Amino acid sequence: MVAYSDWESLSADPDPVDDLGYVGTEWDVVRTTQKDRTHLLFLPQDEQLLRQEAFVIASESSVVDIATYR
Numbered sequence: 049m050v051a052y053s054d055w056e057s058l059s060a061d062p063d064p065v066d067d068l069g070y071v072g073t074e075w076d077v078v079r080t081t082q083k084d085r086t087h088l089l090f091l092p093q094d095e096q097l098l099r100q101e102a103f104v105i106a107s108e109s110s111v112v113d114i115a116t117y118r
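The working numbering puts the first residue of the sequence shown at 49, with every later residue one more than the last.
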């Protein structure tokens, strides 16, 4: 775990892999609508992660494309 002082030493735009230790994975997005409400299901392509219950369900209005907010 990273100490608070370590977080303070990171740049304002840290590298996800080198600075934060993140490992990226490929995910599929499935859109579903029930009772006039649209949700997005984010499912990892790695079946092992899915078996570990690694998925996200979000209302469509809660999801934004961060590339458009730079």
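Where a beta carbon is used, it is the ideal one built from N, C-alpha and C, also for glycine.
Everything numeric in this text was worked out from a predicted model, so none of it was measured.
Closest residue to residue 102 among 81, 89, 110 and 82 (Cα-Cα distance):
89
Is the separation between the beta-carbon of residue 73 and that of residue 97 shorter than 8 Å?
yes
Which of helix, strand or coil DSSP assigns to residue 107
Here residue 107 sits in strand by DSSP.
Any alpha helix (DSSP H) of 4 or more consecutive residues that is wholly inside the segment 64–117:
95–99
Per DSSP, what kind of secondary structure is residue 59 in: helix, strand or coil?
coil
Tell me whether the beta-carbon of residue 87 lies closer than 8 Å to the beta-carbon of residue 57.
no
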